[in-house]
Amino acid sequence: MGKVIVVASGKGGTGKTTSVGAISSCLAALGHKTLCIDCDAGLRNLDIIIGMTEYTVTDFFDVLQGRTELLEACAEHPRIKNLYFLPAPAFHGPEEIDADDMAGLTAQIREQFDYCLIDAPAGIGPGFRLAAQGADMALIVTVGDMSSMRDGQRVAEELRSLGVRELRLIVNRVSGRNFRKLSTTVDDVIDAIGARLVGLVEEDEEVFLASNSETPLILYENKRAALQFLQIARRLTGERIPLVKRWSRA
Ligand SMILES: Nc1ncnc2c1ncn2[C@@H]1O[C@H](COP(=O)(O)OP(=O)(O)O)[C@@H](O)[C@H]1O
Ligand SMILES: [Mg+2]
5 MGKVIVVASG KGGTGKTTSV GAISSCLAAL GHKTLCIDCD AGLRNLDIII
55 GMTEYTVTDF FDVLQGRTEL LEACAEHPRI KNLYFLPAPA FHGPEEIDAD
105 DMAGLTAQIR EQFDYCLIDA PAGIGPGFRL AAQGADMALI VTVGDMSSMR
155 DGQRVAEELR SLGVRELRLI VNRVSGRNFR KLSTTVDDVI DAIGARLVGL
205 VEEDEEVFLA SNSETPLILY ENKRAALQFL QIARRLTGER IPLVKRWSRA
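The opening position of the sequence shown corresponds to residue 5 in our numbering, with each subsequent residue numbered one higher.
The following block contains the structure:
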């Protein structure tokens with residue numbers, strides 16, 4: 005039975021799409037059949053991050069409407085075995101989608117995939133609720149500033165009220181300079197959100213370069229942020245990998 009994981013944040017730009025692309029690629033590379041879904045209809049860009057703009061023919065609205073079978077609608081990644089992608093509908097908003105239909109889709113996904121990561125729109129609006137309902141786990145992505153942490157708290161409350169049981173926290177774009185200060189903030193936010201930290205990801209210009217060349221991060225570099233996302237993927241599969249306490253530049 006597969007696991008459906010929604011990736012959410014209060015604020016935009018914290019790295020949700022980056023995280024979905026990077027973690028999905030790593031889970032697939034580790035041998036797990038993995039689907040990533042773009043549920044951010046307003047700002048669809050997961051296809052760019054994983055280099056699949058040319059490969060999609062349909063979207064999950066067609067699957068919900070019964071016009072296409074799930075597996076037919078999912079595009080297979082040309083370079084990463086086990087990785088599949090389903091885009092957001094370009095012309096249909098979340099209010100047009102029935103919650104029961106979405107629950108039916110996540111049930112099918114659990115039968116056919118080991119993992120599914122859903123890229124949710126920022127905030128707690130209808131698109132977020134659509135993406136989150138029916139998820140087994142949520143990854144909340146924050147950056148190290150107080151406002152994104154507080155927004156993360158609000159998202160966590162909303163996720164709990166939607167019945168998402170397991171919440172995990174990713175703190176992204178951490179730089180060596182602010183890490184010492186951040187480590188106390190991270191402890192505070194873990195307490196406030198009530199979510200265990202699943203990983204810290206470094207500010208790394210390769211993330212930007214990889215997305216601009218439409219190449220999954222894991223194929224672009226194999227250190228720093230790419231490695232940190234790989235460790236997050238491993239932790240999600242249950243491997244016990246200690247959390248990094250200090251950045252090592254070695
Ligand atoms: N760890 C990182 N290091 C450097 N840049 C990053 C990192 N994570 C994300 N970014 C950059 O931040 C911007 C926003 O990331 P994105 O994943 O699109 O955020 P969101 O989906 O939450 O709006 C992008 O330009 C992305 O390349
Ligand atoms: Mg995004």
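Idealized CB from N, CA, C, for every residue including glycine.
For residue i, which option in the options has the closest C-alpha, if you only look at C-alpha atoms?
| i | options | result |
| --- | --- | --- |
| ASP66 | SER28, ILE197, PHE95 and ARG228 | PHE95 |
| LEU34 | ASP118, GLU170, ASN49 and ARG133 | ASP118 |
| LYS7 | ASP104, GLU115, LEU247 and ARG83 | GLU115 |
| ILE256 | ALA230, SER215 and ALA229 | Outside the shown range of the chain, which is 5 to 254, sits residue 256, and nothing can be said about it. |
| VAL61 | GLY70, PRO91 and GLY19 | PRO91 |
| GLY242 | GLU225, ASN226, HIS36 and ILE101 | HIS36 |
| TYR224 | SER151, ARG83, ARG71 and LEU47 | ARG83 |
Counting only the same chain and skipping the five closest in sequence on each side, list residues whose C-beta sits under 7 Å from that of residue i.
| i | result |
| --- | --- |
| PRO93 | ALA45, ASP63, PHE64 and PHE65 |
| GLY129 | none |
| ALA160 | ILE144, LEU171, ILE197, GLY198 and ALA199 |
| LEU87 | SER28, SER29, ALA32, THR38 and HIS81 |
Mind checking whether residue i and residue j have CB atoms under 8 Å apart?
| i | j | result |
| --- | --- | --- |
| ALA196 | LYS15 | no |
| ILE144 | GLY131 | no |
| ALA79 | TYR59 | yes |
| LYS85 | ALA26 | no |
| MET106 | GLY148 | no |
| LEU173 | ILE113 | no |
| ILE222 | LEU234 | yes |
| LEU68 | LEU109 | yes |
| ALA111 | ALA124 | no |
| PRO220 | GLY55 | yes |
| MET153 | VAL193 | yes |
| VAL175 | THR146 | yes |
| VAL211 | ALA229 | yes |
| ALA12 | LEU166 | no |
With a threshold of 7 Å, establish whether the CB of residue i neighbours any heavy atom of ligand 2.
| i | result |
| --- | --- |
| LYS15 | no |
| LEU47 | yes |
| ASP155 | no |
| ASP123 | yes |
Looking only at its chain, what residues have a beta carbon closer than 6 Å to the beta carbon of residue i, apart from the 5 residues adjacent to it on each side?
| i | result |
| --- | --- |
| CYS40 | VAL24, SER28, PHE89 and LEU121 |
| MET141 | ILE9 and GLU170 |
| GLU218 | ILE52 and GLY55 |
| ALA254 | Below a pLDDT of 50, predicted positions are generally treated as unreliable, and ALA254, at 34, falls in that range; no measurement from the model is reported. |
Confirm the yes/no value for this check: CB of residue i, any heavy atom of ligand 1, distance under 7 Å.
| i | result |
| --- | --- |
| ALA126 | yes |
| GLY19 | yes |
| PHE89 | no |
| ASN226 | no |
| ALA237 | no |
| THR22 | yes |
| PHE117 | no |
| PHE132 | no |
CB-CB under 8 Å to residue i, same chain, minus the five flanking residues each way: which ones, in chain order?
| i | result |
| --- | --- |
| ASN49 | THR21 and ASP42 |
| ARG239 | VAL202, GLY203 and ILE245 |
Report back the beta-carbon spacing between residue i and residue j to the nearest angstrom; my notes put them in contact at under 8 Å.
| i | j | result |
| --- | --- | --- |
| GLU209 | VAL178 | About 14 Å; that fails the 8 Å criterion. |
Does chain D have any CB closer than 8 Å to the CB of residue i?
| i | result |
| --- | --- |
| GLU80 | In the structure shown, chain D cannot be found, because there is only a single protein chain. |
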